[in-house]
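Participant: Sharing a structure here in structure tokens format.
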Amino acid sequence: MGVTSGICSRTLRRWGLDISGQGFSVDRRKGAPREVAHRFTTKERQRVIDSVNDPRFADLTPAQIVACQMSTT
């Protein structure tokens, strides 16, 4: 394979890039941008933040907050 765009093939292997005949297909480097299917929407994230910051949950761990929320629904 040799050198592609001035980058050594060993470097590409270290980065964990899949290389096909057309070029790069997936960038699996740490910190590479990703699309996460199960990510909270902005509205859902704000609901969680509002819930955990509620004064009645001040002395509870996240696991205890979830248990309380599940028992009330």
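Taking the numbering used here, the leading residue of the sequence shown gets 11, the next gets one more, and so forth.
Glycine included, every Cβ here is placed at the ideal spot set by N, Cα and C.
#1: Let's see if you can read the secondary structure: which residues bound the alpha helix (DSSP H) around residue 71?
#2: Rounding to the nearest angstrom, what Cα-Cα distance links residue 76 and residue 21 in this structure?
#3: Please report the Cβ distance between residue 61 and residue 74, rounded to the nearest whole angstrom; I am assuming they are in contact, meaning their Cβ atoms lie under 8 Å.
#4: Which residue marks the beginning of the alpha helix (DSSP H) containing residue 54, and which one marks its end?
#5: Considering only the beta carbon of each residue, do residue 67 and residue 58 sit closer than 9 Å?
Facilitator: The relevant details are as follows:
#1: One-based indexing of the sequence shown puts residue 71 at position 61. Where residue 71 is concerned, there is no enclosing alpha helix (DSSP H), given that its DSSP letter is neither H nor E.
#2: Numbered from its first residue, the sequence shown carries residue 76 at position 66. Numbered from its first residue, the sequence shown carries residue 21 at position 11. Those two C-alpha atoms are separated by around 44 Å.
#3: Along the sequence shown, read from residue 1 onward, the residue named residue 61 stands at position 51. Along the sequence shown, read from residue 1 onward, the residue named residue 74 stands at position 64. The Cβ separation is near 12 Å, so there is no contact.
#4: For the purposes of this step, residue 54 is taken as residue 44 along the sequence shown, with counting starting at 1. Counting along the chain, the alpha helix (DSSP H) containing residue 54 begins and ends at 52-62.
#5: Stepping through the sequence shown from its first residue, residue 67 is reached at position 57. Stepping through the sequence shown from its first residue, residue 58 is reached at position 48. No; because the gap between Cβ atoms is not below 9 Å, this pair is not in contact.
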